[in-house]
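What follows is a short report on a single structure.
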Ligand code: HEC
Ligand code: HEC
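Residue numbers (my numbering): 11 to 378.
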């Protein structure tokens, strides 16, 4: 799916370069669709996920994709006559709950009317009937094909010529420095691995409400059953502890690393490094670790920020246990002299059958 979307974007960008006024909208619309892509798929092979697949949307009666579990509200809307077209989609996307009260689409709505118009234009390219009205009749799928051709014409990047595997099978090639740096993004608690950058609580608030609040709530309190990101302090000993960044996580580096790597859900790696600093700063604010809206988190002050629960985590001290003491190598083979015999058996799980499967005899559990 991701591959498909990318191909679509490039193909459409090629259309934009020819100067069509409509095409620019579609390219913008594809960017807007990233917000929808957390829950919806579109294009060849699209399947319903958190939300229904959105191919052939125009003229679709609301709530009618087979196999998708709609809310009662959406089904009722369809039965009541809501059919998706430019007008109903515009109303729906401004504020989904205004058009379909009780919809389970956990999306606040698009604020800018240009975003709505553009995303609708983009959705049309995946509806064969509507595609005729945009960008000279090109469907999203055709745009995808176009790029296949374009790809074939681009010369393959030069391969590094040094011998790759000394003594190996001679397969593959060495990863390039760019490939390695794209993967090598882990951040350590002491700040090692952080990219340079900065961002304030106030900037983070805006980014969070655009990119994260649909699932995690405006204040990290979570919408429905998406994860809670703030609060919960003092609940760790409760029967149902609320584990959040503020109540549980030991290090801020995990927050930065996790968001940069994995969020927003469905559109990972779409935020800039500065965006992630700003959002991390806002999460510190939501968790009362910092209190000023103009607090700026940066690669310089990052390692100095401590999360409240850090001291409840202990270092792994197994190395000081007697069997590891004084550089003694742990035994990994032939550790017991003589043959191995079964002396006990798991009582409940019955996990060690013996030759004649007579469990009663040795009931007791264990191996000597
Ligand atoms: C957080 C997940 C989520 C996001 C983000 C989201 N949707 Fe949805 N969408 C859903 C769910 C769930 C439904 C089904 C709603 C129901 O049954 O009440 C839905 C339903 C719809 C429908 C009705 C389809 C039908 O078959 O009747 C349309 C159209 C739609 N979404 C478009 C969009 C667009 C466009 C965006 C982005 C601007 C978007 N959605 C963002 C989850 C999401
Ligand atoms: C479409 C819904 C959705 C959106 C949008 C979203 N998230 Fe998430 N988030 C999730 C889900 C689902 C998980 C749990 C993932 C897992 O456990 O594998 C999660 C987990 C997290 C966690 C870890 C929580 C924990 O305690 O384990 C953080 C932090 C987080 N998200 C931050 C963000 C930020 C910041 C954004 C915006 C840039 C964002 N998320 C956008 C759905 C979403």
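A virtual CB, placed ideally from N, CA and C, is assigned to each residue, including glycine.
For clarity, every value in this text was computed on a predicted model and none was experimentally measured.
DSSP places residue 208 in the uninterrupted beta strand (DSSP E) bounded by 208–210.
Relative to the non-hydrogen atoms of ligand 1, the Cβ of residue 290 never comes closer than 6 Å to any of them.
Within the region 51–90, the complete alpha helix (DSSP H) runs of at least 4 residues fall at 82–89. Between ligand 1 and residue 321, a heavy atom-to-CB distance of less than 6 Å is absent.
CA-CA distance, residue 85 to residue 190, rounds to 48 Å. Taking a C-beta distance under 7 Å as the contact criterion, residue 66 and residue 128 do not qualify as a contact pair. Residue 144 and residue 96 have their C-alpha atoms spaced approximately 13 Å apart. Pairing residue 82 with residue 110 gives a Cβ-Cβ distance that is not under 7 Å. Exclusion of the five residues before and after residue 260 leaves 317, 319, 320, 323 as the residues of its chain whose Cβ lies within less than 7 Å of its Cβ.
The alpha carbon of residue 243 has as its nearest neighbour, out of 308, 102, 298, 107, the alpha carbon of 298. Here residue 131 is not bridged, per DSSP, to any residue. Residue range 138–141 is occupied by the alpha helix (DSSP H) that includes residue 139. For residue 353, the enclosing beta strand (DSSP E) has its first and last residue at 352–354.
Between the alpha carbons of residue 271 and residue 218 lies a gap of roughly 16 Å. Listed in chain order, the non-local C-beta contacts of residue 215 below 7 Å within the same chain comprise 292, local neighbours out to five positions each way being set aside. For residue 189, the enclosing alpha helix (DSSP H) starts and ends at 187–193. Put simply, of 136, 107, 60 the residue whose alpha carbon is nearest the alpha carbon of residue 39 is 136. Residue environment: residue 186 is assigned as exposed (fewer than 16 neighbouring CB atoms within 10 Å of its CB, all protein chains considered). Comparing alpha carbon positions, the residue from 80, 41, 125 closest to residue 112 is 80. Excluding its 5 nearest sequence neighbours in each direction, residue 120 has C-beta neighbours in its own chain below 8 Å: 42, 45, 103, 104, 126, 129, listed in chain order.
For the pair residue 227 and residue 356, the Cα-to-Cα distance works out to about 47 Å.
For residue 48, the CB contacts under 8 Å within the same chain, skipping 5 residues up- and downstream, are 60, 224, 225, 274, 275, 276, 277 in chain order. Taken from the Cβ of residue 266, every heavy atom of ligand 1 lies 6 Å or farther away.
Within the same chain, 224, 225, 233, 234 come within 7 Å of residue 116 by CB-CB distance, once the 5 residues on both sides are set aside. Excluding the 5 residues flanking it on each side, residue 326 has no same chain C-beta neighbour closer than 6 Å. In the same chain as residue 238, and ignoring 5 residues on each side of it, the C-beta atoms closer than 7 Å to its own belong to 230, 231, 232, 252, 254, in chain order.
Separation of the CB atoms of residue 306 and residue 210 is rounded to 5 Å, and the pair is thereby assigned contact status at 8 Å.
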